[in-house]
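Be aware that the sequence shown starts at 3, since it is given in my numbering, and climbs by one per residue.
Structure record follows, encoded as structure tokens.
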Amino acid sequence: MRLALFGPPGAGKGTQSMLLKKRFGLDVISTGNLIREAIQEGTDVGRSVEKYVNAGDLVPDHLVRDLANQAMAEHKFDRFILDGYPRTTTQAKWLREFLDAYKAPIEAVISLKVSPEAVVDRLSNRRINKDTGESYHMIYHPPPSDLDPALIVRRSDDTPHAIKARIDVYRRETQPVEEFFRSEGILIEISGEGEVSDVFNRILSSIEHIAELELV
Ligand code: ADP
């Protein structure tokens, strides 16, 4: 099974992909995480992309493509969920060509629909456990009271300025990619609002046709 999750920043792609991972034993390929790892490790790629991420801009297409292609190859072109890739029409076309060459096309793109107000609310209240990567919402899903406060951090691009930039970039560069997936006949649109478990159940019903044979 090869899936992709699509939607604005804060739509819940990371949360839902972790749940899909648990349910189906799929691996999550998150270009955002791969990029953050490269930055943390101080690799050449990491050093050259840091300024884009902190400003809320997209990282140049070819750099993200190399990270994503390498990860898909490591997974032998199967049993993965793409989170946050592709995010431009160029990336979407490259991805299709790349996977077509291995006869391993994406079977469904799950597009999570969330209102602009919810996006701003979720990102500005988001905090991350820097050890586990778990994310919290300071009002609706606060960190446990016994967790060391020093472990609770804000992502460097969850600042008001970068949040605004990310939403603008999403509207301009990423939103149009949805039309590409629609024309390919693989787009599934799901409401990303409400409880995490409700969103997950909606996703499960929408992929029943491809998922039933692959439960682990
Ligand atoms: P979010 O979806 O909440 O913005 P991500 O963790 O997916 O967060 O991405 C964080 C940042 O990493 C983006 O703002 C961008 O700078 C970079 N990035 C991630 N995926 C891509 C991509 N496919 N193309 C270009 N830049 C990307």
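All residues carry an ideal CB built from backbone N, CA and C; glycine is no exception.
Restricting attention to Gly135, Trp96 and Arg89, the CA atom closest to the CA of Tyr172 is found in Arg89. Excluding residues up to 5 positions away in sequence, Arg129, Ile130, Asn131, Lys132, Tyr138 and Pro145 lie with their Cβ nearer than 8 Å to the Cβ of Ile154 in the same chain.
In this structure the stretch 10-24 does not touch the stretch 178-185; the number of beta carbon pairs closer than 8 Å is below three.
For the stretch 136-166, the continuous beta strand (DSSP E) assignments of 3+ residues that do not extend past its boundaries occur at 137-139, in sequence order. Ile37 has its Cβ nearer than 7 Å to a heavy atom of the ligand ADP. Comparing alpha carbon positions, the residue from Arg204, Ile212, Phe202 and Ser193 closest to Gly9 is Ser193. For Ser207, the enclosing alpha helix (DSSP H) begins and ends at Val198 to Ser208. Comparing alpha carbon positions, the residue from Asn71, Gly86, Asp200 and Ser147 closest to Tyr104 is Asn71. Check the Cα spacing between Asp170 and each of Pro11, Met140 and Leu7: the tightest is with Pro11. DSSP places Arg81 outside any alpha helix (DSSP H), giving it a letter other than H or E. In the structure shown, Ser32 adopts extended strand secondary structure according to DSSP, grouped into three states. The C-alpha of Leu28 is placed about 26 Å away from the C-alpha of Leu60. Counting every other CB atom within 10 Å of its CB across the protein chains shown gives Met140 a total below 16, marking it as exposed. With respect to the 8 Å criterion, Glu197 and Ser113 are not classified as neighbours on the basis of their beta carbons.
For Gly58, the distance from the CB to the nearest heavy atom of the ligand ADP is below 7 Å. Burial is judged here by how many other beta carbons sit within 10 angstroms of a residue's own beta carbon; Thr45 has fewer than 16 and is exposed. Cβ contact annotation for Asp80 (same chain, cutoff 7 Å, sequence separation greater than five): Arg4 and Ala106, in chain order.
At least one heavy atom of the ligand ADP falls within 7 Å of the beta-carbon of Thr33. Spanning the alpha carbons of Ser147 and Arg25 requires a straight line of approximately 29 Å. Note that the C-beta distance between Asp160 and Asn56 is not below 8 Å.
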